[in-house]
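Worksheet: the structure to be examined is printed underneath.
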Amino acid sequence: MGSFGMLSRRSLATDMPVMAQIRKLMAELTNPMSLAQGVVHWQPPEKALAKVKELVWDPTISSYGPDEGIPELREALLNKLRDENKLTKSAVMVTAGANQAFVNLVLTLCDAGDSVVMFEPYYFNAYMAFQMTGVTDIIVGPGHPQTLHPDADWLERTLSESKPTPKVVTVVNPGNPSGTYVPEPLLKRISEICKDAGCWLIVDNTYEYFMYDGLKHCCVEGDHIVNVFSFSKTYGMMGWRLGYIAYSERLEGFATELVKIQDNIPICAAIISQRLALYALEEGAGWIVERVKGLVKNREVVKRALEPLGKENVKGGEGAIYLWAKLPEEHRDDFKVVRWLAHRHGVVVIPGCASGSPGHVRVSFGGLQEEQMRAAAERLRKGLEELVLRGLVD
Ligand SMILES: Cc1ncc(COP(=O)(O)O)c(C=O)c1O
């Protein structure tokens, strides 16, 4: 008996990507409005796009580049990490997006069978990255019931009691799907707990500039810490697939292993995307902050649309592009509610079950400009009013 038709147990045991399911759902609808995918409504800086347009005939664009990224971009990133993130002892590897960066890190740091720690509600792709690499002992810690901040006391207990000690702890700051940020003292405490336990800490900073109400994003640095970043939302470069990893420059062996993984997945991030990233960085953080400011109105519009669920049931939104809402108790099957909202009210959101928290939904306020956002939010509000008053009526 051969193995034709037998698929890997790792892959079979991995969750279906929620966005693939949502895309399928949207294809069933005639005029859907999406508050589902985590995207921004802007494109990369005009000047940067214009420069890249000139580059397509340059033969270096069509060739491979160094696994770690083109030197000019890496240098620009080191400057950015130093000036904006206060990371002064970090080396950098450019990747085809933050998701690929995360998979690289899981393959570099974890063996199948290792245990790892995440916090609820978790970022679904990070969870899947563990699953698909055989890291199936995923310990999911609680968030604070009000703030959704990772519970550091629980982490301290868990790392000291679990044998063997979990290999990796990961947090997203600010969070997807919750939109909550991790305040600096808490991030430092988590870092110290991981260090004392001899455990890696991966921090996903994809939404580093997406902070509201005067809150400030911060990073931590150390030999046990790896920071992940993305160009997707910041510079509106989702489709260009560009991110990077910042890790301690003192970890020579780490860099060697990381290159092995990189060389077998993308070899290098697309050179044209790296060039665009380089030119986008010339615009600087101000370019992003200006656009993020424009999302404040969107957030208010979506927050109001969620009011039928009760203000106390709507959380997050201090950062990133998400609000996180609890559905009425009787609607724990959140995917059923998502399908109903889509088919009956023409608006699409993400079910909390994809992040380990059934009975919730994630609503993105980044993907539409204000007028369209108002129209989508109106559909959502009507849908939620009906849900609360009458349930899932036909
Ligand atoms: C927390 C988080 N990390 C990573 C990613 C993926 O980013 P990229 O497009 O750079 O792979 C996302 C995208 O939604 C995200 O929300």
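The numbering of the sequence shown is this note's numbering, which starts it at 1057 and goes up by one.
Note that CB positions come from ideal geometry on N, CA and C, so glycine has one too.
Reduced DSSP category for residue i - H, G, I as helix; E, B as strand; rest coil
i: residue 1260; result: strand
i: residue 1300; result: strand
i: residue 1295; result: helix
i: residue 1329; result: helix
i: residue 1116; result: helix
i: residue 1269; result: coil
i: residue 1175; result: strand
i: residue 1193; result: strand
i: residue 1146; result: strand
i: residue 1151; result: strand
i: residue 1216; result: helix
i: residue 1086; result: coil
i: residue 1312; result: helix
i: residue 1323; result: coil
i: residue 1278; result: coil
i: residue 1404; result: strand
i: residue 1206; result: strand
Residue from the options with nearest C-alpha to residue i
i: residue 1066; options: 1139, 1169, 1134 and 1278; result: 1169
i: residue 1071; options: 1190, 1295, 1125 and 1385; result: 1190
i: residue 1278; options: 1267, 1270, 1260 and 1248; result: 1248
i: residue 1222; options: 1186, 1332 and 1269; result: 1186
i: residue 1219; options: 1232, 1192 and 1253; result: 1253
i: residue 1160; options: 1445, 1388 and 1311; result: 1311
i: residue 1304; options: 1121, 1396, 1286 and 1144; result: 1144
i: residue 1314; options: 1130, 1162 and 1063; result: 1162
i: residue 1257; options: 1226, 1265 and 1263; result: 1226
i: residue 1321; options: 1164, 1348 and 1111; result: 1164
i: residue 1270; options: 1115, 1411, 1373 and 1259; result: 1373
i: residue 1430; options: 1089, 1064, 1082 and 1068; result: 1089
i: residue 1082; options: 1448, 1119 and 1406; result: 1406
i: residue 1415; options: 1435, 1365 and 1206; result: 1365
i: residue 1146; options: 1158, 1131 and 1156; result: 1131
i: residue 1390; options: 1447, 1308 and 1349; result: 1447
i: residue 1261; options: 1093, 1400, 1141 and 1436; result: 1141
i: residue 1172; options: 1155, 1192 and 1181; result: 1192
Span of the alpha helix (DSSP H) around residue i
i: residue 1283; result: Note, residue 1283: premise wrong, no alpha helix (DSSP H); beta strand (DSSP E) at 1281-1286.
i: residue 1082; result: 1074-1083
i: residue 1394; result: 1390-1401
i: residue 1062; result: Taken as a continuous stretch (DSSP letters only), residue 1062 belongs to no alpha helix (DSSP H), as it is neither H nor E.
i: residue 1345; result: 1341-1349
i: residue 1181; result: 1180-1188
i: residue 1109; result: 1102-1111
i: residue 1246; result: 1240-1253
i: residue 1445; result: 1426-1446
i: residue 1130; result: 1127-1141
CB contact flag (residue i, residue j, <8 Å)
i: residue 1433; j: residue 1361; result: yes
i: residue 1403; j: residue 1439; result: yes
i: residue 1276; j: residue 1301; result: no
i: residue 1398; j: residue 1085; result: yes
i: residue 1195; j: residue 1214; result: yes
i: residue 1117; j: residue 1317; result: no
i: residue 1423; j: residue 1096; result: yes
i: residue 1293; j: residue 1375; result: no
i: residue 1104; j: residue 1298; result: no
i: residue 1176; j: residue 1197; result: yes
i: residue 1334; j: residue 1111; result: no
i: residue 1100; j: residue 1336; result: yes
i: residue 1236; j: residue 1204; result: yes
i: residue 1393; j: residue 1379; result: no
i: residue 1259; j: residue 1232; result: no
i: residue 1183; j: residue 1323; result: no
i: residue 1124; j: residue 1108; result: no
i: residue 1201; j: residue 1246; result: no
i: residue 1421; j: residue 1347; result: no
i: residue 1280; j: residue 1250; result: yes
i: residue 1265; j: residue 1148; result: no
Residue span of the beta strand (DSSP E) that contains residue i, given as start and end
i: residue 1380; result: 1378-1382
i: residue 1371; result: 1370-1372
i: residue 1057; result: Run containing residue 1057: none; DSSP gives neither H nor E here.
i: residue 1420; result: 1416-1420
i: residue 1162; result: Run containing residue 1162: none in the beta strand (DSSP E); it sits in the alpha helix (DSSP H), 1154-1165.
i: residue 1227; result: 1224-1228
Residue i CB to nearest heavy atom of ligand 3 below 7 Å
i: residue 1372; result: Among the ligands modelled here, namely ligand 1, ligand 3 does not occur.
Short CB-CB distance (under 8 Å) between residue i and chain D
i: residue 1114; result: Among the chains of the structure shown, chain D does not appear; only one protein chain is present.
- Query: Which residues have a Cβ closer than 6 Å to any heavy atom of ligand 1, listed in chain order?
  - Reply: In chain order, the residues that have a beta carbon nearer than 6 Å to some heavy atom of ligand 1 are 1094, 1153, 1154, 1155, 1179, 1228, 1232, 1260, 1262, 1286, 1288, 1294 and 1299.
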